[in-house]
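Written out below as structure tokens is the structure these notes cover.
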Amino acid sequence: RVPFMKVFGGANQVLPSWEKEHPGLAKEVDQICQFEGRHRGWDTTRVNSDLSCVGTWEIIAEDETSRTARRPDGLVKIFVKGSNFHHQTIEFPVKCRADWDRIKAEFLDPDDPARFPADWEEKVEEYRGRDWPLQLTHRGVYGFPRVLMGDEALAFAFYDDPAMVHDIMDTYTDFAIRLWEKMTPDVDFDLIECWEDMCSKNGSIISPAMFREFMAPNYRRIRAFANAHDIPIVLVDSDGNIEKLAELMLEAGVNAMYPYEILAGNDLDEARERLPGMAAIGGLKKEAMAEGDEAVEFEMERAAHLIRKGKFIPGPDHFVQSHTSWPQYRHFMARLREVVLSTPVEA
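Residues in the sequence shown are numbered consecutively from 18, following our numbering.
Right under this line is the structure:
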């Protein structure tokens with residue numbers, strides 16, 4: 018059977034309102050829901066695959082509801098107080114080639130020993146004895162420059178300075194592979210996950226031609242690394258409508274995607290029929306949790322149907338919405354567990 022995974026949210030992660038109404042829930046929600054695996058079902062190492070040595074945040078403005086902070090790499094954000102997820106980038110680190118050259122030289126050294134946790138040897142022993150999936154992490158062929166530049170500046174750069182975009186994408190993949198090469202001699206991995214978030218409800222932010230020119234060569238390198246190290250899954254995370262993007266990803270060597278957000282217009286049943294080689298995770302309308310029993314049961318019927326077809330792990334199509342109550346979430350997950358345990362894969 019397929020595993021029963023949380024998919025979105027870390028270990029024992031709860032909404033603040035749930036913990037306020039049910040003190041102690043944050044220590045046992047995973048046990049109550051009987052999720053399988055670890056973290057969200059699969060887990061990452063604690064090896065830093067992002068910029069390193071970026072220093073600490075400097076508060077440059079603050080009021081009753083938010084604080085604005087700058088990091089030494091040039092990133093400036095507004096953080097909403099009392100929230101883990103509500104923040105906005107107002108200044109990006111890379112505005113020109115000189116900025117990128119500085120970032121590359123100062124913050125993207127794969128040989129920086131601080132990238133590995135101090136207890137790495139103990140972690141290796143833990144990983145060797147695990148019974149849950151473990152990933153290697155790629156910050157995204159598109160996702161990494163997006164975080165450095167922002168979507169708008171990156172969109173212009175594809176035309177105004179394509180050589181720089183190529184360099185950012187290629188350099189980061191070089192960096193990631195060098196980091197992975199330090200880890201794979203000691204640990205067997207189950208998947209490589211790449212974070213992209215490169216779609217809206219209207220589809221991919223960049224064209225198929227741009228994908229094939231800028232991104233596909235890097236994904237082929239990722240797939241080649243996976244094949245050389247017996248890693249069966251290359252998984253891509255992208256919000257929005259990913260149906261057309263999935264075609265391009267499959268062509269470039271990716272064989273699993275998530276989360277197939279329903280309100281973005283994804284038709285997961287059709288996508289699985291059209292692309293049988295592309296596995297899927299998520300795909301259940303998170304809004305249904307707060308919409309009553311009929312909406313929940315509709316999603317359970319969809320989950321059972323998709324499980325039978327194979328290459329599908331069901332779960333919410335993104336993080337739980339803030340107005341969803343703990344009883345609503347618990348009911349949705351209890352029903353989903355029943356469906357997972359009782360539905361065989363027929364494909």
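All C-beta atoms, glycine included, are put in the ideal place defined by N, C-alpha and C.
These figures come from a predicted structure and were not determined experimentally.
Member of the options whose CA lies at the smallest distance from the CA of residue i
i	options	result
Asn258	Glu230, Asn244, Asn283 and Ala245	Asn283
Phe397	Lys302, Val271 and Pro179	No answer is possible for residue 397: the residues shown for the chain start at 18 and end at 364.
Val93	Ser83, Glu79, Phe109 and Asp80	Phe109
Phe231	Ala269, Ala115 and Arg87	Ala269
Ser342	Gly167, Val357 and Leu42	Leu42
Glu210	Gln30, Glu198, Trp59 and Ala364	Trp59
Ser66	Tyr275, Ala351 and Ala193	Ala193
Pro333	Gly327, Phe349 and Lys326	Phe349
Phe228	Glu264, Phe206 and Asp247	Glu264
Leu153	Glu79, Trp212, Pro331 and Arg119	Trp212
Phe336	Arg352, Phe329, Glu304 and Leu323	Glu304
Cys70	Thr82, Glu287, Asp90 and Asp203	Asp90
Val253	Leu208, Phe173 and Trp149	Leu208
Ile77	Thr62, Ile95 and Leu68	Ile95
Glu45	Ile324, Asn29, His56 and Ser34	Asn29
Arg88	Glu79, Thr73, Val141 and Thr82	Thr73
His39	Ala351, Pro344, Glu198 and His56	Pro344
Tyr189	Leu68, Arg319, Phe315 and Gly300	Leu68
Thr62	Ala135, Thr85 and Ile185	Ala135
DSSP bridge partner residues for residue i (one or two, in chain order)
i	result
Phe349	Partner(s): none; Phe349 has no beta bridge.
Leu208	Gln152 and Ile250
Lys94	Ala86 and Thr106
Glu75	Arg87
Ala364	Paired residue(s): none; Ala364 is not in a bridge.
Cys50	In the DSSP output, where bridge partners are listed per residue, Cys50 has none listed.
Asp60	Leu151
Cys216	Ser221
Arg55	Gly58
Cβ-Cβ separation, residue j to residue i (assumed contact under 8 Å), whole Å
i	j	result
Met200	Val64	6 Å
Met306	Tyr346	6 Å
Val111	His104	Contact doesn't hold; Cβ gap of about 19 Å is too wide.
Ile223	Phe175	7 Å
Ala321	Thr360	5 Å
Leu285	Tyr275	In fact, because the Cβ distance is near 10 Å, the residues do not count as touching under 8 Å.
Nonlocal neighbours in the same chain, by C-beta distance under 7 Å from residue i, ignoring five residues either side
i	result
Glu53	Pro20, Phe21 and Met22
Asn244	none
Asn272	Ile250, Val251, Gly294, Met295 and Ala296
His340	Ala307
Arg354	Phe21 and Gln51
For residue i, the first and last residue of its enclosing beta strand (DSSP E)
i	result
Tyr275	Ala273 to Tyr275
Ile330	Phe329 to Pro333
Ala296	Ala296 to Leu301
Own chain residues within Cβ distance below 6 Å of residue i, not counting five before or after
i	result
Ala281	Lys218, Gly257 and Asn258
Ala233	Ala269
Gly327	Val362 and Ala364
Unbroken alpha helix (DSSP H) run spanning residue i, endpoints
i	result
Leu406	Past the edges of the chain, shown from 18 to 364, lies residue 406, and the structure says nothing about it.
Gly146	Gly146 -> no alpha helix (DSSP H), and no H or E assigned at all.
Phe192	Pro179 to Met200
Ser34	Pro33 to Glu38
Val313	Asp310 to Lys326
Leu165	Gly160 to Met166
Ala307	Per DSSP, Ala307 belongs to no alpha helix (DSSP H) and is neither H nor E.
Lys121	Arg114 to Phe124
Phe242	Ala233 to Ala245
Pro288	The sequence as given places Ala at residue 288; Pro does not occur at that position. Looking at the DSSP string, the run of the alpha helix (DSSP H) that includes Ala288 is Leu285 to Arg291.
Beta-carbon proximity list for residue i, same chain, < 8 Å, skipping 5 on both sides
i	result
Leu196	Val64, Ser66, Pro127 and Arg132
Arg240	Val251, Ala269, Gly270 and Val271
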